[in-house]
Amino acid sequence: MEERPFSDISFEHFLNEEKLMGSKCQKCGALYAPPRPICIKCYGSEMAWVELKGKGKLAAFTSIAVGPPAMVAEGYDRKNPYISGVVELEEGVRVDARIAGIDGTKPEAIKIGTPLTVEFLHRGEGEDLKTILTFKPR
Amino acid sequence: MQRKRKLARGVAVVGAGMSKFGMYPDKNSKDVYAEAFKEMLSSVDKGVDPNDIEALYVGNFTNDFFVHQAHWGPILSDLIGHAPKPATRTEGACASSALAFREGVFAIASGFYDIVLVSGVEDMSKRTTEEVTEGLALATVPYEMQAGFTFPGVFGALATAYFARYGASREHLMNITIKSHNNAPLNPKAQFNASIRDLMASRAERARKRGEPVPTWKDEKEFLSDPKVNPVVAWPMHLYDCCPISDGASCMLLVAEEIARNFTDNPLYVAGIGQGSGKGLHAAPELTYFEATRYAAQEAYEMSGLKPADVQFSEVHDCFSIAELIHIEDLGFFKPGEGYKAVAEGQTRLDGAKPINTSGGLKCKGHPVGATGIGQLYEVWKQLRGEAGERQVPNKNLRVGAAHNLGGTGGTCTFTILERR
């Protein structure tokens, strides 16, 4: 695991393995998720992988009624909107994620600050496996 | 460390043209571009010989994806008889032509050229709404796209964060929509030309003619709260919070300051010009403002020696209603969290203390993305020269106007201040 480059591809492979991973600068301690290959605070070149707990709260969200063709193909539309959000993790970093387990047809009832926990939504199999980073209420 | 910028020599705007924005099934990029170019030629008070234009800059974002044709610099260079002189395309998502404008300014300021044409073009209406949504989302940051965010979705999310932090609501955003719709009918180049009241009347009239029950709304806000009229696109962004899909082109003739009066006795000067870049939602310092806009504004203000209060009116990038609210705060016109109150008081109306988007904004003038940045500056040109007709800002001493352009989800932001001397 330590050998993997601090890249988007590694981040996605970790998601396939149901791990939410960030990179931590070994010089100044700055934490990044998704990972960064370069520390943009101190430009230290040594990073280490850190597994995040996957707990956080909803910082911003939207319930999308008009999605791109790929989401329409998944069955989402005006009657069945999906929620995308920004989640602030307990470790102090934010990630963009799909939000599940909340009714997208009643967005006015959704509260900023709602406590969330990670869920790994798998699509496809084998080499085609993709995992959508998802959070649901805890 | 940000340091004070200056141009090595001054740059003036001496001509401008813009096609009418709209959805044109029978026109392509060349057709709308020709329209803008012809108007630009006729706008130069003392005339310009097009053969004297030394370089061309073209802002364009989505044509590769939407009409499967890239490389618009030479195509448009040929259209206007500019080839074999150089043509360069700039891409900064919806801020593509503000970047063309900047490149043109730098080319002249450096002393390399004296006369350049800067421009933008976009052809969007040949695709379905879903395809346009997907194409524009190419300019979100990758993690946003994977989470299913669309452009309206990103701005919807920013709205939820702004509402939670400052106590604003959808009703406050409606003030922005109503204002844009009041300005647009005064702009003959706008895509939409109906106020919300006009739309209410025409809906009622249509129902009457069809013998259907005639809908009634007590005011504009009740109309905008009606889900049949104004459905959700990406909560809390509804249809009337979103700019339309548009085709269009815009261009401006830039010259070195010392030769400006060969072209007109009424030139505008580039007082300040700023550009910033952003990190995307997950890495932004906060979700209630755009870091890139604040950076661009600081750069432009410092260069010009002007303050937000000196800017008498401004076009801002209202791709969505919440965006206008955030921008008027980021540009320093109002304090963070105070913008929605100023809007509710009418300060940003055409007759207010700080008119914003007198053109009708992206919401009503239209948003052919690559043409928007210079399209906004076209409005500043019209206003500062006293040529804005019915929508002329009612201030006899109009001297300083500005335009703010945003690309992606705040990835590219520019702020350009023009002045009369």
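As given, the protein sequences belong to chains A and B, one line each in that order.
Numbering of the first sequence is given in the working numbering, commencing with residue 324 and proceeding in unit increments.
Numbering of the second sequence is given in the working numbering, commencing with residue 1413 and proceeding in unit increments.
All C-beta atoms, glycine included, are put in the ideal place defined by N, C-alpha and C.
Within 8 Å, strictly: CB atoms of residue i and residue j
| i | j | result |
| --- | --- | --- |
| Val-1426 of chain B | Leu-1665 of chain B | yes |
| Gly-1819 of chain B | Gly-1434 of chain B | no |
| Gly-1751 of chain B | Gly-1758 of chain B | no |
| Ser-1592 of chain B | Gly-1787 of chain B | no |
| Gly-1532 of chain B | Asn-1472 of chain B | yes |
| Glu-1429 of chain B | Lys-1450 of chain B | One detail in the question is off: residue 1429 of chain B reads as Gly in this sequence, not Glu. Contact flag set, yes. |
| Arg-417 of chain A | His-1694 of chain B | yes |
| Ala-1420 of chain B | Ser-1522 of chain B | yes |
| Ala-383 of chain A | Gly-408 of chain A | yes |
| Ile-1608 of chain B | Glu-1634 of chain B | no |
| Ile-422 of chain A | Ile-435 of chain A | no |
| Val-1517 of chain B | Val-1667 of chain B | no |
| Phe-1702 of chain B | Cys-1506 of chain B | no |
| Val-410 of chain A | Leu-375 of chain A | no |
| Phe-1567 of chain B | Phe-1732 of chain B | yes |
| Phe-1832 of chain B | Leu-1796 of chain B | It should be noted that the sequence gives Arg, not Phe, for residue 1832 of chain B. Yes, they are a contact pair. |
| Met-394 of chain A | Gly-1782 of chain B | no |
| Met-428 of chain A | Lys-459 of chain A | The sequence shown places Thr at residue 428 of chain A, not Met. Cβ distance not < 8 Å, so Thr-428 of chain A and Lys-459 of chain A don't count as in contact. |
| Phe-1725 of chain B | Lys-1766 of chain B | yes |
| Arg-1615 of chain B | Pro-1627 of chain B | yes |
| Ile-1829 of chain B | Leu-1718 of chain B | yes |
| Gly-1744 of chain B | Ala-1709 of chain B | yes |
| Pro-1780 of chain B | Ala-1424 of chain B | no |
Residue i: first and last residue of the uninterrupted alpha helix (DSSP H) it sits in
| i | result |
| --- | --- |
| Ala-1712 of chain B | 1703-1716 |
| Trp-1629 of chain B | No alpha helix (DSSP H) holds Trp-1629 of chain B; DSSP gives it neither H nor E. |
| Gly-1785 of chain B | 1781-1796 |
| Cys-1776 of chain B | 1773-1777 |
| Lys-1591 of chain B | 1582-1595 |
| Thr-1826 of chain B | Run containing Thr-1826 of chain B: none in the alpha helix (DSSP H); it sits in the beta strand (DSSP E), 1824-1831. |
| Pro-1564 of chain B | 1563-1578 |
| Val-1545 of chain B | First, the amino acid is wrong: residue 1545 of chain B is Thr here, not Val. Start and end: 1541-1549. |
Proximal residues to residue i (C-beta, below 6 Å), its chain only, five neighbours per side dropped
| i | result |
| --- | --- |
| Phe-329 of chain A | Ser-346, Pro-358, Pro-360 and Met-370 |
| Ser-1537 of chain B | Met-1435, Ile-1657 and Asp-1659 |
| Phe-1746 of chain B | Ile-1740 and Ala-1754 |
| Leu-1468 of chain B | Ser-1489, His-1494, Ala-1499 and Leu-1529 |
| Leu-1636 of chain B | Met-1586, Asn-1642 and Tyr-1652 |
| Ser-1441 of chain B | Val-1533 and Asp-1535 |
Neighbourhood of residue i by C-beta distance below 8 Å, restricted to the same chain and skipping five residues each side
| i | result |
| --- | --- |
| Ser-333 of chain A | Arg-327, Met-344 and Pro-358 |
| Ala-432 of chain A | Asp-426 |
| Lys-1416 of chain B | Glu-1714 and Met-1715 |
| His-336 of chain A | Arg-327 |
| Leu-1810 of chain B | Gln-1724, Phe-1725, Gln-1795, Leu-1796, Gly-1798 and Arg-1832 |
Sequence-distant residues of the same chain with beta carbon closer than 7 Å to residue i, five excluded per side
| i | result |
| --- | --- |
| Asn-1599 of chain B | Ser-1771, Gly-1772, Lys-1777 and Arg-1803 |
| Glu-1617 of chain B | none |
| Gln-1794 of chain B | The sequence shown places Lys at residue 1794 of chain B, not Gln. Contacts found: Ala-1800. |
| Arg-446 of chain A | Lys-453 and Ile-455 |
| Pro-1648 of chain B | Gly-1568, Ala-1571, Thr-1572 and Arg-1582 |
| Pro-1806 of chain B | Asp-1763 |
| Lys-1439 of chain B | Asp-1659 |
| Ile-1685 of chain B | Arg-1514, Val-1517, Ala-1712, Met-1715 and Thr-1828 |
Range covered by the beta strand (DSSP E) that runs through residue i
| i | result |
| --- | --- |
| Gly-1819 of chain B | 1812-1819 |
| Ser-346 of chain A | 344-348 |
| Glu-1534 of chain B | 1527-1535 |
| Ala-371 of chain A | 370-374 |
| Ala-1606 of chain B | Careful: Ala-1606 of chain B lies outside any beta strand (DSSP E) and carries neither H nor E. |
| Thr-457 of chain A | 453-460 |
| Thr-385 of chain A | 378-387 |
| Glu-397 of chain A | Looking at the DSSP string, Glu-397 of chain A is not in any beta strand (DSSP E), and its letter there is neither H nor E. |
| Phe-1725 of chain B | 1725-1727 |
The ligand ZN heavy atom lying under 7 Å from the CB of residue i
| i | result |
| --- | --- |
| Lys-350 of chain A | As far as ligands go, the structure on display features none, and thus does not contain the ligand ZN. |
Could you tell me which whole beta strand (DSSP E) segments of length 3 or greater appear in the region 1428-1500 of chain B? 1467-1471
Select from the region 1698-1731 of chain B all residues with a C-beta closer than 7 Å to any C-beta belonging to chain A, and list them in chain order. Leu-1699
Near-chain A residues of the region 1449-1478 of chain B (beta-carbon distance less than 8 Å), N- to C-terminal order: none
Quick one, which residues of the region 380-392 of chain A are near chain B if we go by CB-CB under 7 Å, in chain order? Ala-382, Ala-383, Phe-384, Thr-385, Ser-386, Ile-387, Ala-388, Val-389, Gly-390, Pro-391 and Pro-392
If you scan the region 399-448 of chain A from start to end, which runs of the beta strand (DSSP E) of 3 or more residues do you find wholly inside it? 405-412, 417-422 and 438-446
Check each residue of the region 1570-1596 of chain B: if its Cβ is closer than 7 Å to any Cβ of chain A, include it; give the result in chain order. Leu-1570, Thr-1572, Ala-1573 and Ala-1576
Under 8 Å, CB to CB, which of the residues in the region 1641-1660 of chain B have a partner in chain A? Pro-1643, Val-1644, Val-1645, Ala-1646, Trp-1647, Pro-1648 and Met-1649
Which residues, in chain order, does the region 366-377 of chain A contribute to contact with chain B at a C-beta distance below 8 Å? none
Relative to chain A, which residues along the region 1686-1698 of chain B have a C-beta separation below 7 Å, given in chain order? Leu-1693 and His-1694
List, from N- to C-terminal side, the alpha helix (DSSP H) runs of 4 residues or more that fit wholly inside the region 1620-1689 of chain B. 1632-1636
Any C-beta of chain A within less than 8 Å: which residues of the region 1522-1550 of chain B qualify? Thr-1541, Glu-1542, Glu-1543, Thr-1545, Glu-1546 and Ala-1549
At a Cβ cut of 9 Å, what residues of the region 1556-1567 of chain B count as close to chain A, listed as they run along the chain? Glu-1556, Met-1557, Gln-1558, Ala-1559, Gly-1560, Phe-1561, Thr-1562, Pro-1564, Gly-1565, Val-1566 and Phe-1567
With 7 Å as the C-beta to C-beta threshold (strictly closer), list the residues of the region 416-438 of chain A near chain B in chain order. Arg-417, Val-418, Asp-419, Ala-420, Arg-421, Pro-430 and Ile-435
Counting only Cβ-Cβ distances shorter than 7 Å, please list the residues of the region 325-358 of chain A near chain B, keeping chain order. Asp-331 and Pro-357
Residues within the region 446-458 of chain A neighbouring chain B, beta-carbon criterion of under 8 Å: Ile-455 and Leu-456
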